[in-house]
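Protein chains in written order, with our numbering: chain A, 3 to 301; chain B, 676 to 859.
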Amino acid sequence: MIDGQHIPEEDLALYALGAFDEVREAADIAAMKAHLASCGNCNQALAEVNGDLALLALSVEQLPLPAGASQRFMERISAEQRPAASPAVHSVPVPDRAATGASLKHPNGAVASGGVPSKTPLPFPATSARSSVSVALPWMLAAAMLAAAVYLGSEVSQLRASRDLARAESVRLAVEADRAKEVLEVLTAPAAQQVTLTQGKGTPAPMGRTSYMPSKGALVFMASHMPSLPASKAYELWVIPANGHAPMPAGTFRPDEQGTASVLLPPLPAGIPAKAFGVTIERAEGSPVPTSPIIMSGS
Amino acid sequence: MSDFAARSGEDAALLLGIQSGDSGAMATLFERYSRIVYSVAMRVLRDPGHAEDVTQDIFVRIWRNPDSFVSGRGTLGAWLVVVARNRSIDFLRRRRPSDSVEDVVLASPMDLGAESERNILMEKVRILIADLPAEQRKSIELAFFDGLSHTEIAEKTGDPLGTVKTRIRLALIALRRGMKVERQ
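Take a look at the structure:
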C-alpha cells in the first residue's frame, strides 16, 4: 500500500474518504496511519485531499434548518455549561439537611433546654440558653449566606440561559428582517425596474394588487400603469368592510413616471375582514369618505 | 483587510469567545455555519431528525472543545463540512466515530462564512461536478455521500477495483483544478 517512501495519492484519497474495507484492509489502514504519524509530505497531501472533499461537500443543495433547531441547540449548550464558564457561586456545595444539622451542633457536645448538659445533640433551633444563641448565630448567618449564594447562582444560570436564547433569537430575527427589507426594497425602490408582462402588444390597463391580513390590519397595495394626476389630486385606496360598515380610507398615492405606485402598511384597525377594495380620485391630502366614483375595484 | 481575512478573524474571535464560555459567540457561530453543516448531513442521511442530531453534535463538540479547530488547518467552514460528512457517514454505518474531530486535517482557502459567497461557490462546484465524466461522478458520489468502500463500489458498478480508485482520484483532481482556474 505504501509505495516506496510515501502513500500513493489514490490511496490517500480512499483513506480520507474512509473508503478502505475496515476489516479486509485493516492492516493497510494501520500502516498508513503509522506512516502519516511521521510523514509531513503525506500529511500535507492528505490535507489537500480533505480540501478537495470540502469542495465536494459543497455540491449539496443548501437547506434551511428544521424549525426550532437553533433554539434546541442553545438549550442544549445552556444545559451543559462548561466548568470554565460556570460562575464561581456554582462551586458552593448545597448543604444537605444532615450536614446543616451537624454544623449547628454545639461544639462541645450539646446544651439541652434549661442548661442541662446532654450528650444528645439538639435539633435546630436551640435557643433556650443565651450562650447557645451566641454560638449558633454565626452558624445561622453562614447557613443563610450559603443558601443565598446557591439561590443567586441558580438565578444567574437561568438568566444566562435566557440571555443566550434571546441572542440566538435576535440573530434569527435580524436575518429575517434583512431579507424582508431587501424584498420590500426591490418591490418599492424608485430605481427598481417595474415591468408588467401582458399578452399581446396593447397598452396595459391600470392594475392594482392588494395583500391584506385582517387579523393584523396589515395591507400592502401595488399598482401599475396608473394614469398621472394633476398636482391637486391623488388616488385613494379604500377597504370595504365585510360587515357593511362605511369604507375605510387606506392611504393615498400618486404614481411615478412609469405609472407605478404603492401603499405600504397604512394605519388600519385590526380584525376587520374586507369584502372588497377600491380606488377613487380625491383631493391631494385625501378624504375621510369617498367623494368620487370608484375607478378600480376588486373583491 | 479583505472580506475573507476579516471573516477568518471573526471566526477566530468567536472561537476565543467560546473558549471563555461565551454562549453568545457560540450562537453566532451556529447561525453562520449550521445551515451548510445540516445540508451536508441531510445529503448523506436523508433524514431531518438524524441530520439535526449530527449538526448539534458537531457544534456541541466545538462548544466543549473549541481548540478542535486550529486555523492553520484551513478555514473553519471547509473543516466543518468535511467533519459533517464524516460524522454523517459514521452515523449511517452505525459505528462510533472512527476519528476524533481533531484528526481532520485540511488545507483549503474556501470562505464559507458569508451566505452570498457560499452560494456562488456552491454553484461553481455543482457545475464542475456536473461536467465530470459520468463514471467518475458516480464513483466519487458513492464514496463520499453514500459512504461505500471502494470494494462495494466495484461490486455495485461491476468495475475493477483499480478503476474505481483511479476514477475517484481523477474526480478529485478535476475538482481541484477546476477551482484553481476559477480563482485565477
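C-beta atoms are modelled at their ideal positions from N, C-alpha and C, and glycine is treated no differently.
For H825(B), the number of other beta carbons within 10 angstroms of its own is at least 16, and it is reported as buried. Taking C-beta atoms under 8 Å as the contact rule, A236(A) and G288(A) qualify, at a distance of about 7 Å. Sequence-ordered contacts of the stretch 714-730 of chain B with chain A read S714, V715, M717, R718, P723 and E727 [C-beta pairs closer than 7 Å]. With fewer than 16 other CB atoms across the displayed protein chains lying within 10 angstroms of its CB, T293(A) is exposed.
A direct Cα-Cα distance of roughly 16 Å separates Q694(B) from I733(B). In the DSSP assignment, the residues bridged to V281(A) are L239(A) and M298(A). CA-to-CA, the gap between F819(B) and A81(A) works out to about 34 Å. Residues of the stretch 51-62 of chain A whose Cβ lies closer than 9 Å to any Cβ of chain B, in chain order: V51, N52, G53, D54, L55, A56, L57, L58, A59, L60, S61 and V62. Annotation: M785(B) to A272(A) spans about 49 Å, alpha carbon to alpha carbon.
Where T212(A) is concerned, the enclosing beta strand (DSSP E) starts and stops at M209 to M215. Excluding the 5 residues flanking it on each side, P243(A) has same chain C-beta neighbours closer than 8 Å at P249, M250, I274, P275, A276 and K277, in chain order. Taking 8 Å as the cut-off, the beta carbon of M76(A) is found no closer than this to the beta carbon of A688(B).
The straight-line gap separating the alpha-carbon atoms of G752(B) and D686(B) is approximately 9 Å. A71(A) is the residue among A71(A), G53(A), S40(A) and L57(A) whose C-alpha sits nearest the C-alpha of E706(B).
Only exposed fits S40(A), as fewer than 16 other CB atoms lie within 10 angstroms of its CB. Within the same chain, Cβ atoms closer than 8 Å to the Cβ of A207(A) are found at H227, the five residues on either side in sequence being excluded. Secondary structure at H8(A): strand, using DSSP grouped into helix, strand and coil. With a 10 Å radius around the Cβ and a threshold of 16 neighbouring Cβ atoms, K218(A) comes out exposed. For F734(B), the enclosing alpha helix (DSSP H) stretches over residues P723 to R739. When Cβ-Cβ separations below 8 Å define contact, S763(B) makes no contact with chain A. At a beta-carbon threshold of 8 Å, the residues of chain A lying near I804(B) are L58 and S61, ordered along the chain. In the displayed model, M147(A) falls within a helix according to three-state DSSP.
Taking a C-beta distance under 8 Å as the contact criterion, V185(A) and L239(A) do not qualify as a contact pair. Going by C-alpha positions, M209(A) is about 22 Å away from L270(A).
Against chain B, the CB of Q64(A) has a partner CB under 8 Å away; the residue lies at that interface. Boundaries of the alpha helix (DSSP H) around A56(A): G42 to A59. Contact with chain B is absent for D30(A), since none of that chain's Cβ atoms lies less than 8 Å from the residue's Cβ.
Residue contact check for M34(A) against chain B: no CB pair falls below 8 Å. Counting C-beta pairs closer than 8 Å gives fewer than three between the stretch 25-40 of chain A and the stretch 718-729 of chain B, which falls short of the contact rule.
Residue environment analysis places A18(A) among the buried positions, since at least 16 neighbouring C-beta atoms fall within 10 angstroms of its C-beta. Minimum Cα-Cα distance from A809(B) among the listed residues A759(B), I737(B) and R842(B) corresponds to R842(B). A distance below 8 Å separates the beta carbons of S814(B) and V839(B). Going by C-alpha positions, L221(A) is about 38 Å away from M717(B).
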